[in-house]
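See below for the structure under consideration.
Chains as they are written, first to last, in my numbering: chain B, 907 to 1284; chain X, 907 to 1284.
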């Protein structure tokens, strides 16, 4: 399988951790990379300029949401997602599978896809592998996902059935894909079950995708279970393809993922926390800025942070904005939270390139212990 | 009365229209000027960088709101309003009078001030001339306002009583003011009544304020009545002091105000329209972007506009953001709406400096007529 605009080059590795470059039609991604989530073609409360300024390189958008509203055909007419949302860097779209299973109503699943009702207006829709690819081709992201089914990670019978449908859909997605300027990633499923994960990794790896996503994690299982699955998968996945851990995560999740061979992450956490009035720090602390103790706190949210928010505004001001219900609070907290994760992932990359990643990890978890944070089953 | 950091210099005039420079401790204001409103120490949905980029020079903040939340003493402890909201340019605060009369509950007015209940939590408060100055000194704006009473503009007995209280309070504000780095403006009241307005202008002008505000307009009277009052006031106000028309206005209001001798304007309209999903154009048109006709409209909101929003986003995208309830819609529309008014006021200034303001006004209203807009009783 040839993907002319896409090439993945590993620059350095330490243990399972990898630093690389992934070429896309909208620029080169330096990995490991963390993608802010722009569910509805907007990273909530931020302009593209603010995203660029805080260091974002890859943005994720959701196929399920954009298919329902404003519609993938409308976005295609408007020149595609890059032009529509004015993001000139790489974009990744998911397959819609996860949202159909987590948000939509009245689902009925069969071997060809899912019939469901929209969570917005109750209208009836059908999504399957062919339709997911057709939508994603209309949206025009650089990286697109095969349609998959995410099961209850503890239900073995369902996990097995969902996995086998995911495998069949992966083949069908490959068959119907037409655009050469999009890299289609296959998705490994299998819940927390080692035998299923092994089988899924083997099958998906055999199809020759230019990248592999790991689905069905961070959906209710423990961190230890997630780490075990990642360690199991690492040797089974092609070494020369980027690996994407979907929907993860926290600052410590990024480190724990990279240590187990992951190259790409995305998560709504930083922008969701921002709207729920919390700042996050590099070491995974969460500051609830509504707390009265910040009312007269003239310090920045994070004294060590170089972001626009921390360089210019106090905890006192941000707390005031939250209490006064000013939209700017979400903007300032989103800038800080995203910047924190992006700086962390960039520092991880530099540590791998410098051959100092083991020290980096040791110091990171030492600091978490010092701060009284759970060591997160490292 | 000496105000060392403040000086107002007229550079050019045409008819009653004036172009000038007003020196403040936080920089020079080029007049005429339009001030975006940051009621609660935030121009809604915008960062200070975005405000700078769209051309804002003077920002207004509301004494009533900031006194109630987070409190003027807290803001003073945090270094004052400039530092708190990170705005390094000039700031103007109103006196709190207008909001007490329009927002607060259970008001009781006497010769020394107003007792009222907070619209936020029902708590009881007292605001009068001395307290208003004390709050405004804590906030630390460059331009502050004398405490005034805004009456029903059509009720002559009440307008007369409110005016006489406003005059007494103006004297008391001057007496208690202590900071030399703040310019205190007196406020002319008197409703739509020519005799009252004459009396008020004469009295307020006699007190030697470094600037004069015109209150009690744009509160229910017709445009024609507003214009008549402005024409009446022009020769009665000191020529060498800036004149500020409070709470005005629309694009055509700016032109109509400058034509009648006004130098400073502020209005919530551009940011309020933005949150209510409307874009405004230079000529006063309003685009309700929820309208289905914009769903597939790839044009910018205003094809002639150079703002960040119009340079990079389509009506289709902004409509999508509104319908999907994305906060970014308010940000993009606020950028456009404020930019529109600020470019207009800058163009007005340039026309006055070039001696072409009469032509400018003629062409402006010709274009409004061409667009089928009411000529606004010019």
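Virtual Cβ for every residue (Gly too), placed ideally from N, Cα, C. Remember, predicted model here, so these are calculated numbers, not experimental data.
### Query
Just to confirm, are residue 1233(X) and residue 951(X) a CB contact at a threshold of 9 Å?
Position 327 of the second chain holds residue 1233(X). Position 45 of the second chain holds residue 951(X). One thing to note: residue 1233(X) has its Cβ within 9 Å of the Cβ of residue 951(X).
### Task
With a 10 Å radius around its C-beta and 16 neighbouring C-beta atoms as the bar for buried, classify residue 963(B) as buried or exposed.
Residue numbering aside, residue 963(B) sits at position 57 when the first chain is read from its first letter. Buried, by the Cβ-count rule.
#### Entry: Contacting residues, own chain, Cβ-Cβ under 7 Å from residue 1054(X) (five flanking each side not counted)
Start at 1 with the first residue of the second chain, and residue 1054(X) comes out as number 148. Once the five neighbours on either side are set aside, the close Cβ partners of residue 1054(X) are 1001, 1003, 1072, 1075, 1093, 1095 and 1121.
### Message
Using the three-state DSSP reduction, which class does residue 950(B) fall into: helix, strand or coil?
### Response
Within the first chain, residue 950(B) is the residue found at index 44, counting from 1. Annotated three-state conformation of residue 950(B) is coil, per DSSP.
### Query
Relative to the C-alpha of residue 1181(X), which residue among 1262(X), 1132(X), 1069(X) and 1193(X) is closest?
Within the second chain, the letter at position 275 stands for residue 1181(X). The shortest C-alpha separation from residue 1181(X) is found at 1193(X).
### Query
Excluding five sequence neighbours on each side, which residues of the same chain lie with their C-beta closer than 6 Å to the C-beta of residue 930(B)?
Taking the first chain and counting its residues from 1, the one referred to as residue 930(B) is at position 24. Non-local C-beta neighbours of residue 930(B) in its own chain, meaning closer than 6 Å and more than five positions away in sequence, comprise 996 and 1048, ordered along the chain.
### Query
Counting pairs of beta carbons, one from the stretch 1164-1176 of chain X and one from the stretch 935-942 of chain X, are three or more of them closer than 8 Å?
Under the three-pair Cβ rule at 8 Å, the stretch 1164-1176 of chain X counts as touching the stretch 935-942 of chain X.
### Message
Going by the DSSP bridge assignment, what does residue 1178(X) pair with across the sheet?
### Response
Reading the second chain from its first residue, position 272 is the one you call residue 1178(X). Paired residues: none, contrary to the question.
### Task
Could you tell me whether any Cβ in chain X is nearer than 9 Å to the Cβ of residue 1197(B)?
Along the first chain, one-based indexing puts residue 1197(B) at 291. By the rule that beta-carbons nearer than 9 Å mark a contact, residue 1197(B) does not touch chain X.
### Message
Looking at chain B, is there any beta carbon in it that lies within less than 9 Å of the beta carbon of residue 1218(X)?
### Response
Numbered from its first residue, the second chain carries residue 1218(X) at position 312. Yes, residue 1218(X) lies at the interface with chain B (some Cβ there is under 9 Å from its Cβ).
### Task
Indicate the three-state DSSP secondary structure (helix, strand or coil) for residue 1246(B) in the structure shown.
Locating residue 1246(B) in the first chain gives position 340, counting from the first residue. DSSP places residue 1246(B) in helix when its eight states are reduced to three.
### Query
Between the stretch 1220-1239 of chain B and chain X, which residues of the former have a C-beta closer than 9 Å to a C-beta of the latter?
Answer in chain order: 1220, 1222, 1223, 1225, 1226, 1227, 1229, 1230, 1231, 1232, 1233, 1234, 1235, 1236, 1237 and 1238.
### Message
Assuming the contact rule is C-beta atoms closer than 8 Å, residue 969(B) and residue 1045(B) should be a hit. Round their C-beta distance to whole Å, please.
### Response
In the first chain, counting from the first residue as 1, residue 969(B) sits at position 63. In the first chain, counting from the first residue as 1, residue 1045(B) sits at position 139. That pair is a contact at about 7 Å.
### Message
Below 8 Å on the Cβ atoms is my contact criterion, and I expect residue 947(B) with residue 991(B) to pass it. Report the Cβ-Cβ distance as a whole number of Å.
### Response
Indexing the first chain from 1 puts residue 947(B) at position 41. Indexing the first chain from 1 puts residue 991(B) at position 85. Indeed, because the Cβ distance is near 4 Å, the residues count as touching under 8 Å.
### Task
Determine, using beta carbons only, whether residue 980(X) comes closer than 9 Å to chain B.
For the purposes of this step, residue 980(X) is identified with residue 74 of the second chain, where counting begins at 1. Answer yes: the Cβ-Cβ gap between residue 980(X) and chain B drops below 9 Å somewhere.
#### Entry: Residue range of the alpha helix (DSSP H) that includes residue 1098(X)
Reading the second chain from its first residue, position 192 is the one you call residue 1098(X). Residue 1098(X) -> no alpha helix (DSSP H), and no H or E assigned at all.
### Task
Please list, in chain order, all residues of the same chain as residue 1064(B) whose beta carbon is under 7 Å from its beta carbon, the five residues on each side excluded.
Here the question's residue 1064(B) lines up with position 158 in the first chain. Close CB contacts of residue 1064(B) within its chain, under the 7 Å cut and outside five residues either way in sequence, are with 1057 and 1058 (chain order).
### Message
When you compare the CB positions of residue 1205(X) and residue 953(B), do they come within less than 9 Å of one another, or not?
### Response
Walking along the second chain from the start, residue 1205(X) turns up at place 299. Walking along the first chain from the start, residue 953(B) turns up at place 47. Not a contact, by the Cβ cut-off of 9 Å.
### Query
CA-CA distance, residue 1034(X) and residue 1266(X)?
On the second chain, position 128 is the one that residue 1034(X) refers to. On the second chain, position 360 is the one that residue 1266(X) refers to. Rounded to the nearest angstrom, the two C-alpha atoms are 43 Å apart.
### Task
Going by DSSP, name the residue or residues bridged to residue 890(X).
Given a span of 907 to 1284 for chain X in the structure shown, any question on residue 890(X) remains unanswerable.
### Query
Which whole runs of the alpha helix (DSSP H) in the stretch 1114-1180 of chain B are 4 residues long or more, in chain order?
Taking only runs of at least 4 residues, the alpha helix (DSSP H) segments lying wholly in the stretch 1114-1180 of chain B are 1129-1139 and 1157-1164.
### Query
Whose C-beta lies closer than 7 Å to the C-beta of residue 988(X) among residues of the same chain, with five residues either side of it excluded?
For the purposes of this step, residue 988(X) is taken as residue 82 along the second chain, with counting starting at 1. Cβ neighbours of residue 988(X) beyond the five flanking positions: 932, 994, 997 and 1046.
### Query
Checking contacts by CB at 9 Å: is residue 919(B) closer than that to chain X?
The residue labelled residue 919(B) in the question sits at position 13 within the first chain. So no, residue 919(B) is outside the interface.
### Query
Secondary structure at residue 1204(X), three-state DSSP: helix, strand or coil?
For the purposes of this step, residue 1204(X) is taken as residue 298 along the second chain, with counting starting at 1. Looking at residue 1204(X) - three-state DSSP - the assignment turns out to be coil, as it is neither helix nor strand.
### Query
Using a C-beta cutoff of 9 Å, does residue 1152(B) count as contacting chain X?
Taking the first residue of the first chain as 1, we reach residue 1152(B) at position 246. Taking Cβ atoms only, chain X never reaches closer than 9 Å to residue 1152(B), which makes this a no.
### Local Cβ density within 10 Å of residue 1277(B), reported as buried at 16 or more and exposed below that
Locating residue 1277(B) in the first chain gives position 371, counting from the first residue. Counting Cβ neighbours within 10 Å, residue 1277(B) comes out exposed, since fewer than 16 surround it.
### Query
Are the CB atoms of residue 1153(X) and residue 1060(X) nearer to each other than 9 Å?
Translated into the one-based positions of the second chain, residue 1153(X) becomes position 247. Translated into the one-based positions of the second chain, residue 1060(X) becomes position 154. No. Outside cutoff.
### Query
When DSSP builds the beta bridges, which residues end up paired with residue 1033(X)?
Counting from 1 along the second chain, the entry for residue 1033(X) is found at position 127. Answer is 1020(X).
### Message
Classify residue 1130(X): buried if its beta carbon has 16 or more other beta carbons within 10 angstroms, exposed otherwise.
### Response
Translated into positions along the second chain, residue 1130(X) becomes position 224. Burial check for residue 1130(X): the Cβ neighbour count within 10 Å stays below 16, so the residue is exposed.
### Query
Within 10 angstroms of its Cβ, does residue 908(B) collect 16 or more other Cβ (buried), or is it exposed?
Counted from its first residue, the first chain places residue 908(B) at position 2. Caution is warranted here: a pLDDT of 46 is assigned to residue 908(B), below 50, making its placement in the model unreliable, and the coordinate value is therefore given only provisionally. Taking all protein chains shown into account, residue 908(B) has fewer than 16 neighbouring C-beta atoms within 10 Å of its C-beta and is therefore exposed.
### Task
May I ask you to verify whether the stretch 1214-1228 of chain X touches the stretch 918-925 of chain X, counting CB pairs closer than 8 Å and requiring at least 3?
Contact between the stretch 1214-1228 of chain X and the stretch 918-925 of chain X is absent, because fewer than three Cβ pairs lie under 8 Å.
### Task
Measure the C-alpha to C-alpha separation of residue 1213(B) and residue 977(X) and round it to an integer number of angstroms.
The residue you call residue 1213(B) lines up with position 307 of the first chain. The residue you call residue 977(X) lines up with position 71 of the second chain. Approximately 27 Å between the Cα atoms of the pair.
### Task
In angstroms with no decimal places, state the Cα-to-Cα distance between residue 928(B) and residue 1116(B).
Taking the first chain and counting its residues from 1, one reaches residue 928(B) at position 22. Taking the first chain and counting its residues from 1, one reaches residue 1116(B) at position 210. In this structure, the straight-line span from the alpha carbon of residue 928(B) to that of residue 1116(B) is close to 10 Å.
### Query
Looking at residue 1177(X) and residue 1124(X), is the spacing between their C-beta atoms short of 9 Å?
Counting from one through the second chain, the residue named residue 1124(X) turns up at place 218. Counting from one through the second chain, the residue named residue 1177(X) turns up at place 271. The answer is no: Cβ separation not under 9 Å.
### Message
Considering only the alpha carbon of each residue, which of 1191(B), 1026(B), 1226(B) and 1112(B) lies closest to residue 1247(B)?
### Response
Stepping through the first chain from its first residue, residue 1247(B) is reached at position 341. Nearest C-alpha to residue 1247(B): 1191(B).
### Query
At what residues does the alpha helix (DSSP H) containing residue 1186(B) begin and finish?
Here residue 1186(B) is taken as the residue at index 280 of the first chain, counted from 1. Taken as a continuous stretch (DSSP letters only), residue 1186(B) belongs to no alpha helix (DSSP H), being part of the beta strand (DSSP E) at 1184-1186.
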